[in-house]
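Enquirer: Quick one: the structure is below, and I'll ask about it shortly.
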Amino acid sequence: MSITQNLTISISSSSSSFLSPSSFNSRSQVSLPVKSVSICKCVATPQEAETAYKTRVSRNENLGKLQAGYLFPEIARRRSAHLLKYPDAKIISLGIGDTTEPIPEVITSALAKKSHALSTLEGYSGYGAEQGEKPLRSAIASTFYPDLGIEDDDIFVSDGAKCDISRLQIVFGSNVKMAVQDPSYPAYVDSSVIMGQTGLYQKDVQKFANIEYMRCNPENGFFPDLSSLSRPDIIFFCSPNNPYRCCSNKGATGPTSSVC
Numbered sequence: 373m374s375i376t377q378n379l380t381i382s383i384s385s386s387s388s389s390f391l392s393p394s395s396f397n398s399r400s401q402v403s404l405p406v407k408s409v410s411i412c413k414c415v416a417t418p419q420e421a422e423t424a425y426k427t428r429v430s431r432n433e434n435l436g437k438l439q440a441g442y443l444f445p446e447i448a449r450r451r452s453a454h455l456l457k458y459p460d461a462k463i464i465s466l467g468i469g470d471t472t473e474p475i476p477e478v479i480t481s482a483l484a485k486k487s488h489a490l491s492t493l494e495g496y497s498g499y500g501a502e503q504g505e506k507p508l509r510s511a512i513a514s515t516f517y518p519d520l521g522i523e524d525d526d527i528f529v530s531d532g533a534k535c536d537i538s539r540l541q542i543v544f545g546s547n548v549k550m551a552v553q554d555p556s557y558p559a560y561v562d563s564s565v566i567m568g569q570t571g572l573y574q575k576d577v578q579k580f581a582n583i584e585y586m587r588c589n590p591e592n593g594f595f596p597d598l599s600s601l602s603r604p605d606i607i608f609f610c611s612p613n614n615p616y617r618c619c620s621n622k623g624a625t626g627p628t629s630s631v632c
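The sequence shown begins at 373 in my numbering and counts up by one.
Right, dumping it as structure tokens:
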């Protein structure tokens, strides 16, 4: 006669839903022959032991210089906190500048038509040109630059200006000094920090070292005094400026070529 004994399974300190005690049915027990009685105990690796392990691949130390979170999520958090405290407040948002009107139907229809064509043998094209489809680049050149001598080969279609800003930084490397309008779009400074073009963040003045902040305010017409710059290698100059929308004419921007 075979004698069996229930096998007790002890689960402790496990974060796995599969191994949690509630996942086992008390009516379903495992039986083993008496000659091979054992106690099986599954113990999860402590979380601190997992996070303490380091690989030999080091992280880009410049990422540690970035301060707080990205600007626009921080603005959204502060706005939510303000509305929670003052629910009847009427806020004029100067944050991310989100759109307020729907996309024109002519654009959405063209996108839908092109997307559907990709589901057919006749319309499927696979990977396109790295610079963007030639018909699109030709249309951009003829529509927006008809009298400027800009051709389709002078145009490339990318996934957005923010990504292009970072790609331009790769071209210049880290051994450069940059200047930026203040205030300005945060991607200029953040990409420079990640590339190693800046020093540490100075909390007393809330600015990064090795960056020239070109102050733009009502007193100077929201245009920086270029004569005061110490000949930086790169100037991030945006017109119309983001966030204060001020446009600069050719006479004002001309001196930029003499300060780099």
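Glycine included, every Cβ here is placed at the ideal spot set by N, Cα and C. None of the values given here were measured: they were computed from a predicted structure.
Judging by CA-CA distance, which residue of Gly593, Lys534, Leu572 and Arg431 is the nearest neighbour of Phe363?
Expert: Outside the modelled stretch of the chain, which goes from 373 to 632, sits residue 363, for which no answer is possible.
Enquirer: Tell me which residue opens and which closes the alpha helix (DSSP H) that Asp536 is part of.
Expert: Ala533 to Phe544
Enquirer: With DSSP collapsed to three states, give me the class of Phe516.
Expert: helix
Enquirer: In terms of alpha-carbon separation, which member of Val552, Met567, Ser611 and His488 lies closest to Ile545?
Expert: With the sequence shown as reference, residue 545 is identified as Gly, and Ile is not the correct amino acid for it. Of the listed residues, the one whose Cα sits closest to Gly545 is Met567.
Enquirer: Helix, strand or coil for Asp605, going by three-state DSSP, please let me know.
Expert: coil
Enquirer: By the 10 Å Cβ neighbour count, where 16 or more other Cβ atoms means buried, how is Cys588 classified, buried or exposed?
Expert: buried
Enquirer: Using the C-alpha atoms, what's the distance from Leu466 back to Phe600?
Expert: For clarity, residue 600 is Ser in the given sequence; the question names Phe instead. Those two C-alpha atoms are separated by around 30 Å.
Enquirer: With a Cβ-Cβ cutoff of 8 Å, do Lys549 and Asp605 count as a contact?
Expert: yes
Enquirer: Would the region 500-512 and the region 521-528 be scored as touching if the rule is three or more Cβ pairs under 8 Å?
Expert: yes
Enquirer: Rounding to the nearest angstrom, what Cα-Cα distance links Tyr557 and Leu493 in this structure?
Expert: The alpha-carbon atoms of Tyr557 and Leu493 are separated by roughly 43 Å.
Enquirer: Arg617 to Asp562, Cα distance in whole Å?
Expert: 21 Å
Enquirer: Mind listing, in chain order, the continuous alpha helix (DSSP H) runs of no fewer than 4 residues lying wholly within the region 433-473?
Expert: Listed in chain order, the complete alpha helix (DSSP H) runs (minimum 4 residues) inside the region 433-473 are 443-457.
Enquirer: Please report the Cβ distance between Asn613 and Phe594, rounded to the nearest whole angstrom; I am assuming they are in contact, meaning their Cβ atoms lie under 8 Å.
Expert: 7 Å
Enquirer: Would you kindly work out how many angstroms separate the C-alpha atoms of Gly469 and Pro555, rounded to a whole number?
Expert: 15 Å
Enquirer: Determine the burial state of Phe580: buried for a count of at least 16 other Cβ atoms within 10 Å of its Cβ, exposed for fewer.
Expert: buried
Enquirer: At a Cβ threshold of 8 Å, is Leu490 touching chain D?
Expert: Protein chains in the displayed structure number just one, and chain D is not present.
Enquirer: If you follow the alpha helix (DSSP H) that Ala581 is part of, which residue opens it and which one closes it?
Expert: Where Ala581 is concerned, there is no enclosing alpha helix (DSSP H), given that its DSSP letter is neither H nor E.
Enquirer: I'd like the span of the beta strand (DSSP E) that includes Val552, first residue to last.
Expert: Met550 to Asp554 is the extent of the beta strand (DSSP E) around Val552.
Enquirer: For a test of the three-state rule: what should DSSP assign to Tyr573, helix, strand or coil?
Expert: Strand, per DSSP.
Enquirer: Can you round the beta-carbon distance between Ile522 and Ala513 to whole angstroms, since I take them to be within the 8 Å contact cut?
Expert: With a Cβ gap of about 5 Å, Ile522 and Ala513 count as contacting.
Enquirer: For Tyr560, is the classification buried or exposed, using 16 other Cβ atoms within 10 angstroms of its Cβ as the cut-off for buried?
Expert: Under a 10 Å Cβ-count criterion, Tyr560 is classified as buried, with 16 or more other Cβ atoms of the shown protein chains found around its own Cβ.
Enquirer: My output table needs one value for Tyr499: the three-state DSSP class, helix, strand or coil.
Expert: coil
Enquirer: At which residues does the alpha helix (DSSP H) containing Pro558 begin and terminate?
Expert: Pro558 to Ile566
Enquirer: Under DSSP, the alpha helix (DSSP H) around Leu483 begins and ends at which residues?
Expert: Glu477 to Ala489
Enquirer: Alpha carbon to alpha carbon, what distance is there between Gly498 and Ala489?
Expert: 12 Å
Enquirer: Count the other CB atoms, across all protein chains shown, that sit within 10 Å of the CB of Arg509; report buried if there are 16 or more and exposed otherwise.
Expert: buried
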